[in-house]
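Asker: Each residue of the sequence shown is one higher than the one before, counting from -13 in the numbering used here. Think of the CB as a built atom: it goes at the ideal place given N, C-alpha and C, for glycine as much as any other residue.
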Amino acid sequence: MSDQPTFDPRRKAAIRDLVVTNAAATPGRAGGRKRTALIVTLVLLAVSISGGTVAYALGTGLLDPKPVAVPTETATPTASETPTPTPTPTPEPTVAVPSEDPTDPSTWVLGFDQVAGVHVGQSVSAVAAAAGLVPVDDTVDCPPGFWNVTGADTVVGISLLEAEKRGSAVPDPTLTYAAFSLRDPSEQVVAASPSTAAGIRLGSPESDLLSAYPDIQKTHSKYDETMGYTTYAVGPESGRYLVFQVAATPSGARTVIRMQSSTDDGVVDLCD
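1) Could you give the C-beta distance for Phe260 and Met213, rounded to a whole number, given that I count them as a contact under 8 Å?
2) For the pair the stretch 235 to 245 and the stretch 192 to 211, tell me if three or more CB-CB distances fall below 8 Å.
3) Quick test of your reading: Leu96 and Ser247, contact by CB under 8 Å. State the CB separation rounded to the nearest angstrom.
4) Opposite Arg240 in the DSSP bridges: which residues?
5) Is Pro91 a contact residue of the ligand FMN, with contact defined as CB to any heavy atom under 6 Å?
6) I'd like to check one pair, Tyr209 with Ala219: are the Cβ atoms closer than 7 Å?
7) I believe Leu147 touches Pro121 by the beta-carbon criterion, under 8 Å. Please report the beta-carbon distance rounded to the nearest angstrom.
8) Pick helix, strand or coil for Pro180, following the three-state DSSP scheme.
9) Assign Glu223 to one of three DSSP states: helix, strand, or coil.
10) Tell me, which residues are paired with Tyr199 by DSSP?
11) With distances taken between CB atoms, is the gap from Pro91 to Ala112 smaller than 7 Å?
12) For Asp127 and Gly153, I'd like the C-alpha separation in whole angstroms.
13) Please return the same chain residues whose Cβ sits closer than 6 Å to the Cβ of Thr125, not counting the five positions on each side in sequence.
14) Can Ser109 and Thr160 be called in contact, C-beta distance under 7 Å?
15) With Ala260 as the anchor, note down where its beta strand (DSSP E) starts and where it stops.
16) Could you give the distance in angstroms between the alpha-carbon of Lys204 and the alpha-carbon of Val142?
17) Helix, strand or coil, according to DSSP, for Tyr42 in the structure here?
18) Give the range of the beta strand (DSSP E) segment to which Ser145 is assigned.
19) For the beta strand (DSSP E) containing Trp133, list its first residue and its last residue.
20) Just to check my reading of the structure: Phe166 and Pro180 have Cβ atoms closer than 8 Å, yes? What is that Cβ distance to the nearest angstrom?
21) What do you reckon, are the CB atoms on Ala149 and Thr140 nearer than 7 Å?
22) Quick check: the Cα distance between Val232 and Asp251, rounded to an integer number of angstroms?
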């Protein structure tokens, strides 16, 4: 005989319903693991009282806890690097190249191996004719080529010669020697003069010449001592020189009186 208290069926049903009702109302008073433990205790009590089984407890829905939603972690967006724009190269400024006009010696450029667009070894007949030059009349004592007739109204003396053919008559002389000169030193830059690529003209101050050509060398010419000239040369470049002769003006300023492109680094007499 059992020592446990017994209840009639109606009382058992009433107690069981009371336990279930209290268990269902538990969410308002407890939460989490405490609520689960309380529900389990009440259910077991109801089962023992009613003489029921676990199947009964499951049928009440008390042991069917609601799934707890687990918060989903939101991925923090990775900051994207802003690409560094590629710098746009600045175009090199276009340098205007002056046009050389055969009829206008002031536009001519004197270089190591060319003048007025005529290079060493090329005929000078066309440019000489355009500039109004005349053939050298004495090819016994002078090289063949072209020059202008010097006189009181001649500002710039011009000589375009084939220096190596002195003493020979050549029907179509080629360029090997070019010279431009003044009869007297000029206080001002001579606008009618050809120029070098560095901008030096007849009449340019000696200081401008030395500044334009930092590597220029002082050489020697026949009349340096007697006339008070100073001779300078730039080069050699491919065996050729740019030669400049400087003289004193009446005011004492020293300016360029002669410019020359030749295989010599000084001024020599081509006509004896």
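Answerer: In terms of the structure at hand:
1) The chain is shown from -13 up to 258; residue 260 falls before or after that span and cannot be answered.
2) Verdict: yes, contact present.
3) Counted from its first residue, the sequence shown places residue 96 at position 110. Counted from its first residue, the sequence shown places residue 247 at position 261. About 6 Å separates the CB atoms of Leu96 and Ser247; that is less than 8 Å, so the two are in contact.
4) Translated into the one-based positions of the sequence shown, residue 240 becomes position 254. According to DSSP, Arg240 bridges with Ala234.
5) Absent from the structure shown: the ligand FMN. Ligands present: none.
6) Mapped onto the sequence shown, residue 219 falls at position 233. Mapped onto the sequence shown, residue 209 falls at position 223. No, the Cβ-Cβ distance between Ala219 and Tyr209 is not below 7 Å.
7) Start at 1 with the first residue of the sequence shown, and residue 147 comes out as number 161. Start at 1 with the first residue of the sequence shown, and residue 121 comes out as number 135. The Cβ separation is near 11 Å, so there is no contact.
8) Numbered from its first residue, the sequence shown carries residue 180 at position 194. Secondary structure at Pro180: coil, using DSSP grouped into helix, strand and coil.
9) On the sequence shown, position 237 is the one that residue 223 refers to. Strand at Glu223.
10) Here the question's residue 199 lines up with position 213 in the sequence shown. DSSP, once it has assigned bridges, lists no residue as partnering Tyr199.
11) If you number the sequence shown from 1, residue 91 lands on position 105. If you number the sequence shown from 1, residue 112 lands on position 126. With contacts defined by Cβ atoms closer than 7 Å, Pro91 and Ala112 do not form a contacting pair.
12) Within the sequence shown, residue 127 is the residue found at index 141, counting from 1. Within the sequence shown, residue 153 is the residue found at index 167, counting from 1. The alpha-carbon separation between Asp127 and Gly153 amounts to approximately 6 Å.
13) Numbered from its first residue, the sequence shown carries residue 125 at position 139. Ala155.
14) As a first step, residue 109 must be located in the sequence shown, where it is residue number 123. As a first step, residue 160 must be located in the sequence shown, where it is residue number 174. Judged by their CB atoms, Ser109 and Thr160 are nearer to each other than the 7 Å cut-off.
15) This structure leaves residue 260 out entirely; the chain is present only between -13 and 258.
16) Locating residue 204 in the sequence shown gives position 218, counting from the first residue. Locating residue 142 in the sequence shown gives position 156, counting from the first residue. Their Cα atoms are separated by approximately 24 Å.
17) Looking up residue 42 in the sequence shown gives position 56. Confidence at Tyr42 is low in this model, with a pLDDT of 46, below 50, so the placement of that residue should be treated as unreliable; the coordinate-derived value is given next. In the structure shown, Tyr42 adopts helical secondary structure according to DSSP, grouped into three states.
18) Here residue 145 refers to the residue found at position 159 when the sequence shown is read from its first residue. Gly143 to Leu147 is the span of the beta strand (DSSP E), which, as asked, contains Ser145.
19) Walking along the sequence shown from the start, residue 133 turns up at place 147. From DSSP, the beta strand (DSSP E) with Trp133 extends over Gly131 to Trp133.
20) Here the question's residue 166 lines up with position 180 in the sequence shown. Here the question's residue 180 lines up with position 194 in the sequence shown. Yes, Phe166 and Pro180 are in contact; Cβ-Cβ is about 6 Å, under 8 Å.
21) Translated into positions along the sequence shown, residue 149 becomes position 163. Translated into positions along the sequence shown, residue 140 becomes position 154. Not a contact, by the Cβ cut-off of 7 Å.
22) The sequence position of residue 232 within the sequence shown is 246, counting from 1. The sequence position of residue 251 within the sequence shown is 265, counting from 1. About 14 Å.
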